[in-house]
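Enquirer:
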Amino acid sequence: MINRNTKKKTRFTDFLSGDYAQDYINQDTPYEEQIEHAAKLIREADCILLGAGAGMSTAAGAEYGGKFFEENFAEFQKLYGKGPYMQDMYYAGFYPFPDQESKWGLWSHLALLAGIDLDVTPLHKTLLDALKGKKLFLLSTNADDQFEKAGLPAEKIFTTQGSYRLIQCRRACHPKTYDAEALFRRMERERVNGKIPTALVPKCPVCGGEMTMNLRVDDFFVEDEAWHTAEERFSRFLSECMDQKTVLLELGVGFNTPTIIRFPFEKLTREHQNISLIRLSRSKAMVPASLGSRAIGINADMARSITDLAEKLRPFPPSSNGF
Ligand SMILES: [Zn+2]
Numbered sequence: 004m005i006n007r008n009t010k011k012k013t014r015f016t017d018f019l020s021g022d023y024a025q026d027y028i029n030q031d032t033p034y035e036e037q038i039e040h041a042a043k044l045i046r047e048a049d050c051i052l053l054g055a056g057a058g059m060s061t062a063a064g065a066e067y068g069g070k071f072f073e074e075n076f077a078e079f080q081k082l083y084g085k086g087p088y089m090q091d092m093y094y095a096g097f098y099p100f101p102d103q104e105s106k107w108g109l110w111s112h113l114a115l116l117a118g119i120d121l122d123v124t125p126l127h128k129t130l131l132d133a134l135k136g137k138k139l140f141l142l143s144t145n146a147d148d149q150f151e152k153a154g155l156p157a158e159k160i161f162t163t164q165g166s167y168r169l170i171q172c173r174r175a176c177h178p179k180t181y182d183a184e185a186l187f188r189r190m191e192r193e194r195v196n197g198k199i200p201t202a203l204v205p206k207c208p209v210c211g212g213e214m215t216m217n218l219r220v221d222d223f224f225v226e227d228e229a230w231h232t233a234e235e236r237f238s239r240f241l242s243e244c245m246d247q248k249t250v251l252l253e254l255g256v257g258f259n260t261p262t263i264i265r266f267p268f269e270k271l272t273r274e275h276q277n278i279s280l281i282r283l284s285r286s287k288a289m290v291p292a293s294l295g296s297r298a299i300g301i302n303a304d305m306a307r308s309i310t311d312l313a314e315k316l317r318p319f320p321p322s323s324n325g326f
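The opening position of the sequence shown corresponds to residue 4 in this note's numbering, with each subsequent residue numbered one higher.
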């Protein structure tokens, strides 16, 4: 890894935090007041750091289980049963596949549905439109690239956990990822009974071994050059905003991987008086009481809270802006 950091930069590894707040509360401020307060903080902010978790994609309409899974993975349920794995897209990927042909048969299908072909961008667009003109950056644990599809430039995005369109050496023998969209589409066309033709099974171009998705599930996750470039941009954004009025806008981050966005956002807010935290979540928007009015936790359907927030942030029509 090339180390281009200067002394004052906060690297991603320093940003991460495992501190679990001991004073979580669900705020009892009425919803309307919370939205009003959140809009005010955003309006007055110089920098907005978005932190997006799985709840954002779900709120925007992405589906992973239930009827959606039954309809789209019937072929695999027939082969592998409806046991614990074949219930939703998250667990399906962990099925102990008998061979590489079967593994890629499911994974190519899953990567297309959960990421490459997923389009739940209207809510993402609503949010981005509302934040126009702000100095903005996105930290995301989602692998579905929805903010980028919604128009946020790639140089303002740091996706820490990988992407559904990339594959890598399973043993991480070299720090490179490979765009697999075309390969996945071919696998999707040529799959028979859950399996892709052996000729399509990807092999590591360096060690000749198996390949896997570039998703962080174990210590073999490859952080490629693009990952490090994004990390560098994230660090730069953080150091530039550290002394300015900054809002950390957290979107659908629960407790699955809280050390990447949730806890670090709390820590930053705790340590910097000029930083505020707005936490949007359907049911996990509790915030540390000690952060006082610098933290707003809005427990609500995020399709609603984001839309309401955007509505409040909409610029006044010229006739009524008072100028
Ligand atoms: Zn290799």
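For every residue, glycine included, the Cβ atom is placed at its ideal position computed from N, Cα and C.
Quick check: the Cα distance between S308 and S143, rounded to an integer number of angstroms?
Expert: Each residue's Cα considered, the two are about 19 angstroms apart.
Enquirer: Of the choices G136, E104, L53 and L19, whose alpha-carbon is the least far from that of G197?
Expert: The shortest C-alpha separation from G197 is found at E104.
Enquirer: Using the beta-carbon count (16 or more within 10 Å), is R46 buried or exposed?
Expert: Flag for R46 reads exposed.
Enquirer: Start and end of the alpha helix (DSSP H) containing R168?
Expert: R168 -> not in any alpha helix (DSSP H); beta strand (DSSP E) instead, spanning G165 to C172.
Enquirer: Taking 6 angstroms as the limit between beta carbons, can you name the residues of its chain near Q80, skipping five residues before and five after?
Expert: Same-chain partners within the cutoff: M89.
Enquirer: Under 8 angstroms Cβ to Cβ from E193, same chain only, skipping five residues before and after it: list those, please.
Expert: The answer, listed in chain order, is I199, P200 and L203.
Enquirer: Sort V225, A48 and A185 by Cα distance to T163 and report the nearest one.
Expert: Here the closest residue by C-alpha is V225.
Enquirer: On the three-pair Cβ rule with 8 angstroms, is the segment 238-251 touching the segment 210-227?
Expert: Judged by Cβ distances under 8 angstroms, the segment 238-251 makes no contact with the segment 210-227, as fewer than three pairs qualify.
Enquirer: I'd like to know if the segment 145-155 and the segment 54-62 are in contact, where contact means that at least 3 CB-CB pairs between them fall below 8 angstroms.
Expert: Contact between the segment 145-155 and the segment 54-62 is present, because at least three Cβ pairs lie under 8 angstroms.
Enquirer: Kindly identify the DSSP beta-bridge partner or partners of K206.
Expert: Paired residue(s): E213.
Enquirer: Does the beta-carbon distance from F237 to E253 come in below 8 angstroms?
Expert: Result no, Cβ atoms of F237 and E253 do not sit closer than 8 angstroms.
Enquirer: Under 7 angstroms from any heavy atom of ligand 1, does the C-beta of V225 make it?
Expert: No, ligand 1 has no heavy atom inside 7 angstroms of this Cβ.
Enquirer: Identify the continuous beta strand (DSSP E) that holds C244 and give its terminal residues.
Expert: Note, C244: premise wrong, no beta strand (DSSP E); alpha helix (DSSP H) at E228 to C244.
Enquirer: Express the C-alpha separation of D102 and C207 in angstroms, rounding to a whole number.
Expert: Whole-angstrom Cα-Cα distance: 16 angstroms.
Enquirer: Which residue spans inside the segment 77-108 form an unbroken alpha helix (DSSP H) run of at least 4?
Expert: As far as the segment 77-108 is concerned, its whole alpha helix (DSSP H) runs of at least 4 residues are 77-83 and 92-95.
Enquirer: Any heavy atom of ligand 2 closer than 7 angstroms to the beta-carbon of V209?
Expert: The model on display carries ligand 1 but not ligand 2.
Enquirer: Return the residue from the list Q149, K159 and A114 that minimises the CA-CA distance to L186.
Expert: Of the candidates Q149, K159 and A114, the one whose C-alpha sits nearest the C-alpha of L186 is A114.
Enquirer: Which one of Y167, D222 and H127 has the shortest CA to CA distance from G64?
Expert: Minimum Cα distance to G64 is reached at H127.
Enquirer: Return yes when at least one heavy atom of ligand 1 lies under 7 angstroms from the C-beta of R327, else no.
Expert: In the structure as shown, the chain starts at 4 and stops at 326, and residue 327 therefore has no counterpart that could be examined.
Enquirer: Cutting at 6 angstroms between CB atoms, please list the residues of its own chain near A233, excluding the five before and the five after it.
Expert: So the list reads F161, once near-sequence residues are dropped.
Enquirer: Can you tell me whether DSSP reads S20 as helix, strand or coil?
Expert: Looking at S20 - three-state DSSP - the assignment turns out to be coil, as it is neither helix nor strand.
Enquirer: Report the rounded CA-to-CA distance for I264 versus M92, giving the unit in angstroms.
Expert: In a straight line, the C-alpha of I264 is about 23 angstroms away from that of M92.
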